[in-house]
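Report on the structure given below.
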Amino acid sequence: MKKFIDFYIEAVTHKSGGGGGYPEPTGSITITQNGTHDVKDKATAVVSVPNTYAAGDEGKVVENGALVSQTSQTITENGTYDTTTKNAVTVDVQGSGGDTLGEDIAGTLTEYENNDLTSARQYGLYSSNLTKIRMNALESIPTGFLQSSKVVEAYFPGAEKILANAFRATKLDPSKIDFSNVTSFVGNYQFGEVVWGGDGKVTFPKLETVGQYAFYGGGATVSRALKEIDLPKLKQTGSYMFYNQAGLTKATFGAIEAFPASNQAFNSCTGLKTVVITQDQTVATLGANVFTGSQGARNANIYVPDALYDQYAAATNWSTLATAGRLFKLSELPA
Amino acid sequence: MIKTEKLDGGLIRSWSDLGVYIHGGFPEGDYEEAVDPVELGRTYTETDIPIATDDELTDSEALYVITDGEYGKEDEDDETE
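Written as structure tokens, this is what we have:
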């Protein structure tokens, strides 16, 4: 199964040209002389050129845009992909699973580990039954990669970016994740509608930039299990970043420079009681109604560095919180 | 024009009646509206930056949220790469 899933994920990488009137292939895999592509873990696998090729050309090998040989298209259980006519060939292929790989491997593959792949295809493991995944070399976690999957443990120590919807609607355990080198969320909803397990305390130690709805709490049927979040490097909150996270009680920011008003980061976060700011170099800008008003986090007390407390108390929009008795020094933070 | 309104607790609210960001305050920056202690006498100027509505939910997105995904569209500008 590992070989198949490696092939499937790897198939995103395009290595050879698709000229000669044929469209760009969707992926490729290199098979050496007399080599085989083992698909024995799958009852039937289809290894084919993209189905946008002309009728009758399906299953043929295209090399540098030219049709060079006929190959089998469908491989049955324990079958092979025969390349004996070539010393080595780069075969443009696309996996048969499409975006339904998870259905193909239902009940079979629950754990996956890879130390080599640096890229992967969008929605590669969408809706899969994986509960544990480790990809040590993946640099960017693609759009929808594990969306709606059963993943609980996710280790991506080499990843620097997470794209839209990558873990949306999963059930991650915050004590069993590794996003230790992620610096940016590109696009939206990376962890939207996640039903966080464990203690619900989540941290992204290097995250600096986010898009919209990064931790969206979901609609009425979603458990808002995010309890605490620690973002020591985040510069600015994202639009609707924690929208509907009514169970969020504490948020900590170590490098925050701005809480813009219009992005409504804490919209409907009615359970947020404590916001901690440890960045002690400058006062962060605060838009009106971020922590007040009908949609802001109106129940939160804000703790700021002692040395900056007086500046915060007199700062634009922060003064509202000071007057309301909701602005405190960090030294007053309850243990 | 910059509009102001005195609030309880010795505060004053400032905003633009043109619907643009106002500039000033502390930290100095652009604000949709600003609330400051009256005694600090902070003043603002209007920018030419309209207060953005891009980040707000569209009608379709709002419908998606309140119907728990049955109607509407969940996200109209998902970014992929």
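So the protein sequences, as listed, match chains A and B.
Sequential numbering of the first sequence, starting at 1, is according to the numbering used here.
Sequential numbering of the second sequence, starting at 1, is according to the numbering used here.
The C-beta atom is built at its ideal place from N, Cα and C for all residues, glycine as well.
Problem set entry | Touching by the beta-carbon criterion (3+ pairs, under 8 Å), the region 229 to 243 of chain A and the region 251 to 261 of chain A | Counting C-beta pairs with one atom in each stretch, the region 229 to 243 of chain A and the region 251 to 261 of chain A have three or more that are closer than 8 Å, which means they touch.
Problem set entry | Per-residue contacts from L18/B into chain A (C-beta, under 7 Å) | Around L18/B, no beta-carbon contact reaches into chain A at under 7 Å, the shortest distance being about 16 Å.
Exercise. Would you say S149/A faces chain B, with C-beta separation under 8 Å as the test?
Worked result: Closer than 8 Å: no.
Exercise. How would you label I49/B, buried or exposed, when you count the other beta carbons within 10 angstroms and need 16 or more for buried?
Worked result: With fewer than 16 other Cβ atoms within 10 Å, it is exposed.
Exercise. Can you pull the DSSP bridge partners for F185/A?
Worked result: Beta-bridge annotation (DSSP): F185/A is paired with I162/A.
Exercise. When the Cα atoms are used, what is the spatial distance from F156/A to E111/A?
Worked result: Each residue's Cα considered, the two are about 14 Å apart.
Problem set entry | 8 Å Cβ cutoff, D48/B in contact with chain A | Cβ-Cβ to chain A under 8 Å: no for D48/B.
Exercise. Hey, quick one: how far does the beta strand (DSSP E) through Y309/A stretch, first residue to last?
Worked result: In the DSSP assignment, Y309/A falls outside any beta strand (DSSP E) and lies within the alpha helix (DSSP H) extending over Y309 to A314.
Problem set entry | Straight-line gap, A137/A to A322/A (C-alpha atoms, nearest Å) | The straight-line gap separating the alpha-carbon atoms of A137/A and A322/A is approximately 47 Å.
For this session: Helix, strand or coil for D306/A, going by three-state DSSP, please let me know.
Result: Here D306/A sits in helix by DSSP.
Exercise. What are the uninterrupted segments assigned as beta strand (DSSP E) that are 3 or more residues long and contained completely in the region 221 to 298 of chain A, given in chain order?
Worked result: Inside the region 221 to 298 of chain A, DSSP marks whole beta strand (DSSP E) runs of 3 or more residues at positions 228 to 231, 250 to 253 and 274 to 277, from first to last along the chain.
Problem set entry | Start-to-end residues for the beta strand (DSSP E) that takes in T203/A | Its beta strand (DSSP E) spans residues K201 to T203.
Exercise. Should T320/A be flagged as near chain B, meaning a C-beta pair shorter than 8 Å?
Worked result: So yes, T320/A belongs to the interface.
Exercise. Hey, would you say A34/B sits closer than 8 Å to G41/B, going by beta carbons?
Worked result: The beta carbons of A34/B and G41/B sit no closer together than 8 Å.
Exercise. Hey, would you say V20/B sits closer than 8 Å to E46/B, going by beta carbons?
Worked result: Yes. Within cutoff.
Exercise. The beta strand (DSSP E) with W15/B in it runs from where to where?
Worked result: Residues L11 to S16.
Exercise. Given that A225/A touches chain B, what residues does it touch there, using C-beta distances under 8 Å?
Worked result: Going along chain B, no residue has its Cβ under 8 Å from A225/A, so there is no contact; the nearest lies around 17 Å.
For this session: State buried or exposed for E28/B, treating a residue as buried only when at least 16 other CB atoms are found within 10 Å of its CB.
Result: Taking every protein chain shown into account, the CB of E28/B has fewer than 16 other CB atoms within 10 angstroms, so this residue is exposed.
Exercise. Where T249/A and D17/B are concerned, what is the direct C-alpha to C-alpha distance, given to the nearest angstrom?
Worked result: So the alpha carbons of these two residues sit roughly 36 Å apart.
Exercise. If we call anything under 8 Å between Cβ atoms a contact, is Y341/A one with G217/A?
Worked result: This structure does not reach residue 341/A, given that chain A is present from 1 up to 335, and the question cannot be answered.
For this session: Go ahead and label M241/A buried or exposed: buried means 16 or more other beta carbons lie within 10 angstroms of its beta carbon, across all protein chains shown.
Result: Label assigned to M241/A: buried.
For this session: Using beta-carbon positions only, say whether A169/A and T143/A come within less than 8 Å of one another.
Result: In this structure, the beta-carbon distance from A169/A to T143/A does not fall below 8 Å.
For this session: Following the continuous alpha helix (DSSP H) through L321/A, name the residue where it begins and the one where it ends.
Result: DSSP places L321/A inside the alpha helix (DSSP H), whose first and last residues are W318 to T323.
For this session: Confirm, please, whether the CB-CB distance from K171/A to V202/A is below 8 Å.
Result: Not a contact, by the Cβ cut-off of 8 Å.
For this session: Classify W5/B as helix, strand or coil using the three-state DSSP reduction.
Result: It is Glu, not Trp, that sits at residue 5/B in the sequence shown. Residue state, collapsed to three classes: strand.
Problem set entry | Where L327/A falls: helix, strand or coil (DSSP) | Of the three classes helix, strand and coil, the one that applies to L327/A here is strand, per DSSP.
For this session: Count the other C-beta atoms from every protein chain shown that fall within 10 angstroms of the C-beta of N317/A, then say buried if there are 16 or more, exposed otherwise.
Result: For N317/A, the number of other beta carbons within 10 angstroms of its own is at least 16, and it is reported as buried.
Problem set entry | Beta carbon proximity, N336/A to chain B, threshold 8 Å | Any property of residue 336/A remains undetermined from this structure, which presents chain A solely from 1 to 335.
Exercise. Given that G287/A touches chain B, what residues does it touch there, using C-beta distances under 7 Å?
Worked result: Here the neighbours are Y31 and E32.
For this session: For A251/A, go through chain B and note every residue whose CB falls closer than 7 Å to its CB, in chain order.
Result: From the beta-carbon of A251/A, no residue of chain B is found nearer than 7 Å; the closest lies around 19 Å away.
Exercise. For D116/A, which option in L125/A, E139/A, T131/A and T252/A has the closest C-alpha, if you only look at C-alpha atoms?
Worked result: If we check each option's Cα against that of D116/A, E139/A comes out closest.
For this session: Give the DSSP bridge partners of I133/A, in chain order.
Result: Partner(s): Y112/A and A154/A.
Exercise. At a CB-CB cut-off below 7 Å, which residues of chain A make contact with G9/B?
Worked result: Proximity of chain A to G9/B at the Cβ level (cut-off 7 Å) is accounted for by T323, in chain order.
Exercise. Interface residues of chain A around G41/B at Cβ under 8 Å?
Worked result: Result: empty, since nearest Cβ-Cβ is about 12 Å, beyond 8 Å.
Exercise. Run through DSSP, which three-state label would P50/B get?
Worked result: In the structure shown, P50/B falls within a strand segment according to DSSP collapsed to helix, strand and coil.
For this session: Note down, in chain order, all residues in the region 279 to 310 of chain A with a beta-carbon under 7 Å from any beta-carbon belonging to chain B.
Result: The residues in question are T282, V283, T285, G287 and A288.
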